[in-house]
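Asker: The structure is given below, and queries will be raised subsequently.
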Amino acid sequence: MKSAWSDRGAAELVERYAADGIGEDLALRVYTTRLLGSEPRLVMHGGGNTSVKGRARDVTGADLDVLYVKGSGWDMGTIEPPGLPAVQLDPLLALAEIDALSDEDMVNLQRRNLLDSKAPNPSVETLLHAWVPRTFIDHTHANAALVLTDQPHGEEICREVYGDRAAIVPYIMPGFDLAKAAKAAADAHPEAEGLVLLKHGLFTFGDTAHEAYELMIEFVSLAEARIEGGRRSVFAAASMPGAVASASEIAPAVRGMLANRRSIEGGGPEFERFILEHRASPAILAYVGGSELSRYSQVGTVTPDHAIRTKPLPVVLSAPPAGDLAVWAGEARAAVDAYRKAYAAYFERHNPRYGGTKRMLDPSPRVVLVPGVGLFASGRDARAAAAAADLAETSVDVITDAESMDRFESISEAELFDIEYWSLEQAKLAGAKEKALARHVVVVTGGAGAIGRATAAAFRTAGAEVALFDLPGPALDAAGEAGAGLAVPCDVTDDASVDRAFSIVAARFGGVDILVSNAGAAWRGPMADVTDDVLRESFELNFFAHQRVTRAAVRMMRAQRTGGCLLFNVSKQAVNPGPDFGPYGLPKAATLGLVRQYAIEHGWEGIRSNGVNADRIRSGVLTDEMIASRSEARGVSEDAYLRGNLLGREVRAEDVARAFVSLALARATTGAILTVDGGNVAAALR
Ligand code: ZN
2 MKSAWSDRGA
12 AELVERYAAD
22 GIGEDLALRV
32 YTTRLLGSEP
42 RLVMHGGGNT
52 SVKGRARDVT
62 GADLDVLYVK
72 GSGWDMGTIE
82 PPGLPAVQLD
92 PLLALAEIDA
102 LSDEDMVNLQ
112 RRNLLDSKAP
122 NPSVETLLHA
132 WVPRTFIDHT
142 HANAALVLTD
152 QPHGEEICRE
162 VYGDRAAIVP
172 YIMPGFDLAK
182 AAKAAADAHP
192 EAEGLVLLKH
202 GLFTFGDTAH
212 EAYELMIEFV
222 SLAEARIEGG
232 RRSVFAAASM
242 PGAVASASEI
252 APAVRGMLAN
262 RRSIEGGGPE
272 FERFILEHRA
282 SPAILAYVGG
292 SELSRYSQVG
302 TVTPDHAIRT
312 KPLPVVLSAP
322 PAGDLAVWAG
332 EARAAVDAYR
342 KAYAAYFERH
352 NPRYGGTKRM
362 LDPSPRVVLV
372 PGVGLFASGR
382 DARAAAAAAD
392 LAETSVDVIT
402 DAESMDRFES
412 ISEAELFDIE
422 YWSLEQAKLA
432 GAKEKALARH
442 VVVVTGGAGA
452 IGRATAAAFR
462 TAGAEVALFD
472 LPGPALDAAG
482 EAGAGLAVPC
492 DVTDDASVDR
502 AFSIVAARFG
512 GVDILVSNAG
522 AAWRGPMADV
532 TDDVLRESFE
542 LNFFAHQRVT
552 RAAVRMMRAQ
562 RTGGCLLFNV
572 SKQAVNPGPD
582 FGPYGLPKAA
592 TLGLVRQYAI
602 EHGWEGIRSN
612 GVNADRIRSG
622 VLTDEMIASR
632 SEARGVSEDA
642 YLRGNLLGRE
652 VRAEDVARAF
662 VSLALARATT
672 GAILTVDGGN
682 VAAALR
């Protein structure tokens with residue numbers, strides 16, 4: 002591993018922070034923490050921390066010895082000085098004299114000695130940083146170090162590689178006891194430049210930030226050199242069906258299997274869904290394609306803190322043959338059910354050690370291994386799924402290398418349980434309460450237009466992952482770049498294009514729960530004069546396209562078996578036609594029929610179908626030019642025209658968006674049309 006240290010980069014940061022009154026040591030502590038945090042082979046998603054000991058002055062002018070230590074919730078790669086809160090050192094040192102300390106008391110003591118009462122919680126490894134009497138301390142879960150220690154002769158290999166340069170600490174769960182063991186090891190080897198924590202990670206020490214960082218890189222490089230020495234072809238390939246189904250073909254079924262059924266009392270959704278992230282690098286494919294996958298994948302995590310995001314074990318499915326997936330899906334569902342049962346049994350085996358006080362977490366696997374296809378990771382949103390996928394990919398790398406040397410070993414099942422159910426680890430995942438539509442995937446057609454974008458924004462605010470379908474072009478690109486959602490080029494009047502677009506969504510998020518079929522455009526002309534071509538063109542977009550995307554969405558929803566929600570942008574024209582708007586109103590009337598038809602045919606499987614009748618909204622359908630000509634024809638101002646309704650209020654794209662979201666949440670409503678027109682008795686449904 003190469004050092005990323007740059008004298009210039011370091012000097013720049015020192016200078017920048019000096020302006021804020023921040024000293025050189027803390028500035029350089031921030032600098033090298035970022036270097037460590039930006040290298041995924043060292044640190045990933047909360048797995049690592051750093052510290053520096055120094056002096057700080059409180060408001061009375063008293064100078065105090067403090068430990069600046071990484072605060073939880075900060076990403077090391079982008080950390081700022083407030084991410085390394087100062088804790089008074091003396092009270093932490095005094096704790097070394099006592100024999101035992103509960104986690105709660107430890108957290109409380111650390112918090113009450115913060116110089117800033119509003120600072121984040123100091124790292125769970127704070128006491129270790131405090132008790133090892135070195136100025137700069139770096140800690141990572143470096144892949145290379147895990148490879149060496151996650152195997153039967155790990156300790157021996159580390160002694161060989163590091164000699165007296167590192168003291169070795171046996172595996173102990175982070176917290177008070179680990180800090181004690183680390184202190185004992187460091188005290189017994191005062192010449193040591195660092196610590197190897199078996200099956201956990203590395204610590205390095207230095208008098209300067211630069212020294213501790215370079216030592217970390219050197220320790221990792223020594224481990225890497227040792228691994229290269231053991232490298233050989235690692236996994237013998239298992240036999241595979243001639244042609245294997247693609248990730249996007251199986252993703253909806255997999256996503257549906259992972260969803261936890263839950264009680265509908267209290268009005269929540271019937272399923273606790275997950276968002277999926279698929280990965281299939283050559284290393285992953287070799288790993289999941291190995292004939293001994295069911296052995297080396299079922300050992301445990303490569304470093305303990307992965308357990309909170311990946312659970313201790315992944316589920317293994319069989320390779321899906323291309324073509325008919327029915328038999329494969331049945332077997333896969335059985336495998337996931339067996340996983341849930343085994344998880345519940347694991348919980349029952351270990352909860353008694355805690356006097357039965359723990360509450361079982363949801364039993365769904367977070368990582369799914371599929372030979373020939375790769376891995377799927379799951380999370381409550383795309384970010385969490387990506388984080389779990391990062392850790393799963395790291396595990397593949399570490400286990401592959403460990404198996405290349407000898408045999409992968411993890412900590413014991415009891416130790417895995419202790420970490421997974423450790424309140425201090427679970428606190429890392431706790432955050433704001435989940436939003437109403439978290440865990441849902443929404444497709445919005447006509448996504449780049451005014452109503453489409455407003456709808457995407459409203460669903461994102463409600464916590465959903467959103468895909469925008471629209472014709473390729475600058476409007477779609479701009480919506481994607483503005484973060485409105487996943488921009489998917491799609492011509493809704495073309496079967497192949499629609500299928501491709503849904504495949505993209507399945508590959509990206511795992512499936513779809515809510516379809517907002519919104520794309521539309523107005524064609525005009527008196528019926529006596531209009532050509533069949535114009536009429537057919539309008540029917541193509543304003544009716545057949547709705548049917549086409551809905552059919553594709555329903556297919557995916559049925560593969561998921563977790564219900565779904567279809568939402569249609571109809572129009573008041575469907576029930577209250579205006580002169581010359583036949584070419585627009587007639588297909589919309591058919592689409593209103595479509596809303597009801599889907600409601601009738603799919604209610605039994607939890608798929609709801611509802612529509613919105615909106616009117617007089619500035620959009621791609623009602624263009625500025627049309628507003629000008631219509632208000633002129635009525636002899637009123639444009640503003641008066643737009644506000645020509647019972648409420649005297651202009652209806653906006655955001656109002657339509659809110660209506661779609663409310664219908665998505667209305668779990669007992671199907672076959673309904675909601676008007677969003679400011680009040681128009683002639684357009685009211687009976
Ligand atoms: Zn650690």
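Mapping of the sequence shown onto my numbering: position 474 corresponds to residue 475, and the numbering continues sequentially without gaps. Glycine included, each C-beta is placed from N, C-alpha and C at the ideal position.
#1: Out of 354, 365, 351, 349, point me to the one whose CA is closest to residue 339's CA.
#2: What does the alpha-carbon distance come out to for the pair residue 51 and residue 329?
#3: Give me, in chain order, the residues of the same chain whose beta-carbon lies closer than 8 Å to that of residue 525; leave out the 5 immediate sequence neighbours on both sides.
#4: Under the rule that 16 or more other beta-carbon atoms within 10 Å means buried, what is residue 605, buried or exposed?
#5: Pop quiz: residue 215 and residue 4 are said to be a contact at Cβ under 8 Å. What is the actual Cβ separation, rounded to whole angstroms?
#6: Closer than 7 Å to a non-hydrogen atom of the ligand ZN - does that hold for the CB of residue 176?
#7: Identify whether residue 278 lies in helix, strand or coil by the three-state DSSP scheme.
#8: For residue 646, which residues in the same chain have their Cβ closer than 8 Å to its Cβ, ignoring the five residues on either side in sequence?
#9: From what residue to what residue does the beta strand (DSSP E) around residue 52 run?
#10: Here's the rule: buried if 16 or more other CB atoms are within 10 angstroms of the residue's CB, otherwise exposed. What is residue 13?
#11: What is the DSSP secondary structure of residue 410, reduced to helix, strand or coil?
#12: Hey, residue 665 and residue 568: beta-carbon distance below 8 Å or not?
#13: Alpha carbon to alpha carbon, how far is residue 641 from residue 629? Give it in angstroms, no decimals.
#14: Beta carbon of residue 48: closer than 7 Å to some heavy atom of the ligand ZN?
#15: Check whether the stretch 136 to 150 and the stretch 301 to 315 touch, using three or more Cβ-Cβ pairs below 8 Å as the test.
#16: Tell me, please, which residues DSSP counts as bridged to residue 566.
#17: Let me check understanding here. Comparing Cα to Cα, which of 174, 202, 168 lies closest to residue 189?
#18: Just to confirm my understanding: we take residue 255, look at its own chain, exclude 5 residues before and 5 after, and list those with CB closer than 8 Å. What are they?
#19: Can you have a look at residue 40 and say buried or exposed, based on whether 16 or more other CB atoms are within 10 angstroms of its CB?
#20: If residue 517 sits next to residue 661, beta carbons under 8 Å apart, how far is it from one beta carbon to the other, in whole angstroms?
#21: Are the beta-carbon atoms of residue 291 and residue 336 separated by less than 8 Å?
#22: Using C-beta distances below 6 Å, list every residue in its chain close to residue 43, excluding the 5 sequence neighbours before and after it, in chain order.
#23: Just to confirm the assignment: which complete beta strand (DSSP E) runs, minimum length 3, are found wholly within the stretch 94 to 165?
#24: Exposed or buried, which one is residue 690 when buried takes at least 16 other CB atoms within 10 Å?
#25: Just the C-alpha distance for residue 470 and residue 484, rounded to the nearest angstrom, thanks.
#26: Residue 441: which of 565, 491, 89 sits nearest, CA to CA?
#27: Using only the heavy atoms of the ligand ZN, determine whether one of them is closer than 7 Å to the beta carbon of residue 126.
#28: To the nearest angstrom, how far is it from the Cα of residue 591 to the Cα of residue 498?
#29: Could you tell me the alpha carbon to alpha carbon distance between residue 635 and residue 249, rounded to whole angstroms?
#30: Can you list, in chain order, the residues of its chain whose CB lies under 7 Å from that of residue 546, leaving out five sequence neighbours each side?
#31: Go through its chain and collect everything with a Cβ distance to residue 127's Cβ below 6 Å, but skip five positions before and after it.
#32: Can you tell me the Cα-Cα spacing of residue 331 and residue 560, whole angstroms?
Answerer: Well, looking at it:
#1: Comparing Cα-Cα distances from residue 339 to each of 354, 365, 351, 349, the minimum goes to 365.
#2: The straight-line gap from Cα to Cα measures roughly 47 Å.
#3: In the same chain as residue 525, and ignoring 5 residues on each side of it, the C-beta atoms closer than 8 Å to its own belong to 581, 582, 584, 585, in chain order.
#4: With fewer than 16 Cβ atoms within 10 Å of its Cβ, residue 605 is classed as exposed.
#5: Residue 215 to residue 4, Cβ: 6 Å. Contact.
#6: Incorrect: residue 176 has no Cβ contact closer than 7 Å to the ligand ZN.
#7: Taken through DSSP and simplified to helix, strand or coil, residue 278 comes out as strand.
#8: Shown here for residue 646: same chain residues with a beta carbon closer than 8 Å to its own, the five before and five after excluded, namely 616, 617, 652, 678, 679, 680, 681 in chain order.
#9: Residues 49 to 58.
#10: Residue 13 should be labelled exposed.
#11: In the structure shown, residue 410 sits in coil (DSSP, three-state: anything other than H, G, I, E or B).
#12: Taking 8 Å as the Cβ cut-off, residue 665 and residue 568 qualify as a contacting pair.
#13: If you draw a straight line from the Cα of residue 629 to the Cα of residue 641, it is about 11 Å long.
#14: True, at least one ligand heavy atom lies under 7 Å from that Cβ.
#15: Taking 8 Å as the limit for Cβ pairs, the verdict is that the stretch 301 to 315 does touch the stretch 136 to 150.
#16: DSSP, once it has assigned bridges, lists 515, 609 as partnering residue 566.
#17: 168 is the residue among 174, 202, 168 whose C-alpha sits nearest the C-alpha of residue 189.
#18: Its chain contains 277, 318, 333, 369, 371, 377, 511 as the residues whose beta carbon lies nearer than 8 Å to that of residue 255, once the 5 sequence neighbours on both sides are disregarded; these appear in chain order.
#19: Buried, because 16 or more other Cβ atoms sit within 10 Å of the Cβ of residue 40.
#20: Residue 517 to residue 661, Cβ: 5 Å. Contact.
#21: Contact: no.
#22: Sequence-distant Cβ neighbours of residue 43 in its own chain, meaning closer than 6 Å and more than five residues away, are 37, 141, 143.
#23: List check, beta strand (DSSP E) in window: 137 to 141.
#24: Outside the displayed span of the chain (2 to 687) sits residue 690, for which this structure offers no information.
#25: When rounded, the distance between both Cα atoms is 14 Å.
#26: It is 565 whose Cα lies nearest to the Cα of residue 441.
#27: Taking 7 Å as the cut-off, the C-beta of residue 126 counts as close to a heavy atom of the ligand ZN.
#28: Roughly 23 Å between the two C-alpha positions.
#29: Straight-line measurement puts the Cα of residue 249 at about 52 Å from the Cα of residue 635.
#30: Non-local beta-carbon contacts of residue 546 in its own chain, meaning distances under 7 Å to residues more than five positions away in sequence, involve 493, 494, 520 in chain order.
#31: Cβ neighbours of residue 127 beyond the five flanking positions: 70, 111.
#32: Cα-Cα distance, rounded: 11 Å.
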